[in-house]
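Below: one structure, written as structure tokens.
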RNA sequence: GCGCGUGUAGCUCAGUUGGUUAGAGUGCUUGCUCGACACGCAAGAGGUCUCAGGUUCGAAUCCCGACACGCGCACCA
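Residue numbers (my numbering): 38 to 1096.
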């Protein structure tokens, strides 16, 4: 095998090849693995751009788990995917378009074009994300790649929506919702970001003779007040309760203010009375509903509209004003009328939209909601209760279906969130997302509604738009219409008929015949366009429906045209067109009303008069669309978390009954940013327990956020953003991965900075270089430990440690303590194996043990730093080119012990180590150069066998030329001395010994030792300690005392001899 | 306001059920090319474990309080 060991490991040169090799092996795909299934669904990154460091951490965590499980013989699946991220992506693309100069993308582009723009952006982003995930070495199964907005996932969304609707859990309701004026959409309670800002609190009366003073920070909303609420126990206001006062504050109508009670009102805050504005405050709206339930209703007046402007209800003085202007004006009104009592500066928390950044307005609207409190049919449990149960006792109280959250404290956070949870508003007015699977149509004045997984079948599926006078229908004829119709997924043709000046019937007819018009077609024609359609029907051309708008049957200006049509035969027309509607616009400047009247009369169909069918205005008029009698899908889209909530099972092909679903659900492990516990984790639990009657995952690990060294979150605006790919390119993916998990503790933030990454990189190089040494020092790398072998002290020591560390690292990974695991492995690899065992190997040359331990180390490191370990494996240990480390067996403690087959491992190496360190210390103190010969004398009174056995090691590592061992202590002149366990050490330093320095050194040691001994003495002389502390502790301390005593004697002796 | 987390070496963090003289990485000092590694090796300095109280024979660890920082939640009109 070729050995490719460069001096430093170059990740840039090997990572891509290694990843390719893994991918081609097929082992990313669990279908090619055996064993028990183990699954993790990757939290799908938003297609709003590129991955950031947080994703790198998430990928590291998941990949450690999946590689570890794969090496443990599991059928391991890490399923990758991306999230269309509804509002986030649309907001992002709109921002880009605005920067490009498109002022109002929604209006200027329309639904279809804007969606195309977003789609294009999303696709780009997706492919970037995928390549980034590859770069990080994540071993996910690309053959199962999913996207929240693809066909399969959309099917799951619709299926769940319909099921919830059937169960009455999804309803359409008119309620106060959170409205972003800037985004022109609702948002859920969780999408609000509360920010603190200074505000003014105004205390005032509605009118001079109104008996109660109230306070508010939003005076302009007071134009919509319908009640004043006081605490039922408040003595001050008893006499007013139930009374209605009519006040005129300048709104359209005088306000009818009813005095009501509500225990939520705090007596001690402000005046203890609260002006109730049901339309513009969720709390006030709740009061409105409570009053309604009590059969003591209060009014609801909407004074702010969707654009953040005052409505007509607010009165002529306010209508059309912005909220801020109206506030100013209203406060002025109060001042002028001497109604304002107080004006105070306070700080206030306002909810802002987390995506659009503007202050959220509370507005009453009809929206779709998920009822979290209603009992699910057949369950006697609400969605809230399902969510609680899964984490508290297990789904259906089954402990095996219990979700464990690491760290545990997040369980409380989760429960308190559920306690405060209100019905979830799921409809959004943005376009990028799953359109709500509800269709409406107008049928004979009746609104029909259809809720289903797929669009109901249309009667007609094609539309042809015809205009007159050679105009381009897409420009002159209702410019919006083509777009609207196409948005309904219809095939639309809009041909321009020739010869504008003098329309020629024969010519038009031949053009008409080229069109693909049949019984599935609706023809919408205005003026001569419609006339032409009638004429062709008369000639025998059959089609589905004609909507004739302002249609002339004769025209003096172009007699030839009508002459060529000939005599109208209305019976024939009616036979060939299955449905006809006649519309006339009141302000069409060209076609007189009578024409349409005549047509409707002749055809015996009603004439519909519409406003503004003027082809020059482009104003929408719903009548034409309604006339098509098409199913129109609810234009709203679903909250993005609706689809994310289905992620653990929609990714497995549900609602199809797939094998994947059977094998891999519930998933074993899930991780996500701590910040989306509510958004996502909670929603997955809700959706999955409801839909599948099982939990989505067994263990969930919400991780903290990555920050820079100062603890700031990474962000573009702060300018501290680090691109994970830049890091991969500079330091390698392994270094990035290792940095992302060293120092994490569950749920806490983690600081990451270049020095840390460098340090991780240095470690991977270290691991590589150990391999490089072994590769050059050991002739046979396939050398296995022989059946019979004699272990030296060092062998025993390193194997004992290996067993210990294997046990601990395994346990740490099992409990998701990745940092602990890697830290232990790092210390073992560097401080024990490299610094000591490898050095000893240079003397003892026990290749088999060296290789064995190294192999285990490389295996254990693989989940953390897969590239360098795989490369080492390929260079050193792979038995053939298909042998990959990624599917080698993770060695657990049990197999390790049986492989070693040596029960008598023990640790006697510590003494040797200490001795060597002391020798080095003395050498260093006296600046003894390496090439200078130094000899030592050891007083080995207790005949420590290890010393004799390991003389060579002491010599080599301590750089000693000779060791003399004596049994009885004799004063060694011209030497430095120390005490190591039972041993006394003399380092002979004939020419360099400095009595003063040596005295200092010993005295310092002595001082420390005596201090320690005194502490021991105190403890041991305390009767309390001796009688109450456990025996083993007391004995240990006694033993320590004895040893310390001996050490002190030796040190004192030496000190005496020095003087 | 309520809740949670954190506070240990200059910096970033470990520290198991309380039990010797509190550890690692990094930085710092000193010395080094000894069979791989200067992205390295060796030796060393560096800590009132935020503060105050309590429980205990014994506290970085458990309890109570204070302070600082961070985060989450909240309807103070």
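Backbone N, C-alpha and C fix where the C-beta goes; we use that ideal spot for every residue, glycine too.
C-beta contact flag for residue i and residue j at 7 Å
| i | j | result |
| --- | --- | --- |
| residue 619 | residue 590 | no |
| residue 473 | residue 671 | yes |
| residue 817 | residue 883 | no |
| residue 1003 | residue 988 | no |
| residue 208 | residue 905 | no |
| residue 258 | residue 317 | yes |
| residue 314 | residue 261 | yes |
| residue 176 | residue 705 | no |
| residue 440 | residue 427 | yes |
| residue 880 | residue 990 | yes |
| residue 174 | residue 903 | yes |
| residue 985 | residue 1046 | no |
| residue 35 | residue 324 | Residue numbering for the chain in the displayed model covers 38 to 1096; residue 35 lies beyond these limits and cannot be assessed. |
Anticipated Cβ contact below 8 Å, residue i with residue j, distance rounded
| i | j | result |
| --- | --- | --- |
| residue 232 | residue 387 | 6 Å |
| residue 300 | residue 268 | 6 Å |
| residue 105 | residue 850 | 5 Å |
| residue 407 | residue 460 | 6 Å |
| residue 1092 | residue 1032 | Residue 1092 to residue 1032, Cβ: 11 Å. No contact. |
| residue 676 | residue 463 | 5 Å |
| residue 640 | residue 569 | Actually they are not in contact, since the Cβ atoms of residue 640 and residue 569 sit about 16 Å apart, beyond 8 Å. |
| residue 379 | residue 240 | 4 Å |
Distance between residue j and residue i (C-alpha atoms, nearest Å)
| i | j | result |
| --- | --- | --- |
| residue 614 | residue 582 | 6 Å |
| residue 567 | residue 667 | 20 Å |
| residue 558 | residue 550 | 14 Å |
| residue 1076 | residue 978 | 18 Å |
| residue 1064 | residue 1018 | 29 Å |
| residue 363 | residue 238 | 16 Å |
| residue 1042 | residue 1072 | 25 Å |
| residue 32 | residue 480 | There is simply no residue 32 to check, as the chain begins at 38 and stops at 1096 in what is shown. |
| residue 83 | residue 821 | 49 Å |
| residue 957 | residue 1088 | 19 Å |
| residue 252 | residue 384 | 15 Å |
| residue 1102 | residue 444 | The question about residue 1102 has no answer, for the chain in this structure spans 38 to 1096. |
| residue 886 | residue 826 | 10 Å |
| residue 161 | residue 221 | 26 Å |
| residue 420 | residue 409 | 5 Å |
| residue 309 | residue 302 | 7 Å |
| residue 452 | residue 223 | 25 Å |
| residue 898 | residue 89 | 24 Å |
Beta-bridge pairing of residue i - partner residues as DSSP gives them
| i | result |
| --- | --- |
| residue 224 | 215 |
| residue 500 | 529, 559 |
| residue 399 | 215 |
| residue 76 | 114 |
| residue 239 | 253, 380 |
| residue 582 | 559, 616 |
| residue 387 | 232 |
| residue 264 | 295, 313 |
| residue 788 | 744 |
The segment 590 to 603 / the segment 517 to 535 touching (three or more Cβ pairs under 8 Å)
no
Three-pair Cβ contact test at 8 Å for the segment 775 to 783 versus the segment 797 to 806:
yes
Taking 8 Å as the threshold, find out whether the segment 333 to 341 comes into contact with the segment 279 to 295 through three or more Cβ pairs.
yes
Inspect the CB distances between the segment 809 to 821 and the segment 835 to 844 and report whether three or more fall short of 8 Å.
no
With a cut-off of 8 Å, do at least 3 Cβ pairs link the segment 104 to 120 to the segment 132 to 148?
With the cut-off at 8 Å, the segment 104 to 120 and the segment 132 to 148 do not touch.
Is the segment 400 to 415 in contact with the segment 212 to 226, if contact means three or more CB pairs nearer than 8 Å?
yes
Do three or more CB pairs link the segment 376 to 392 to the segment 184 to 191 at distances below 8 Å?
Judged by Cβ distances under 8 Å, the segment 376 to 392 makes no contact with the segment 184 to 191, as fewer than three pairs qualify.
Should the segment 862 to 870 be called in touch with the segment 890 to 901, which here means at least 3 C-beta pairs below 8 Å?
yes
Pair every Cβ in the segment 341 to 359 with every Cβ in the segment 190 to 200, then say whether three or more of these pairs are closer than 8 Å.
no
Count the C-beta pairs between the segment 118 to 127 and the segment 677 to 691 that are closer than 8 Å, then say yes if the count reaches three, no if not.
Because the criterion of three Cβ pairs below 8 Å is met, the segment 118 to 127 and the segment 677 to 691 touch.
Please determine if the segment 740 to 751 and the segment 782 to 796 are in contact, where contact requires at least 3 C-beta pairs separated by less than 8 Å.
yes
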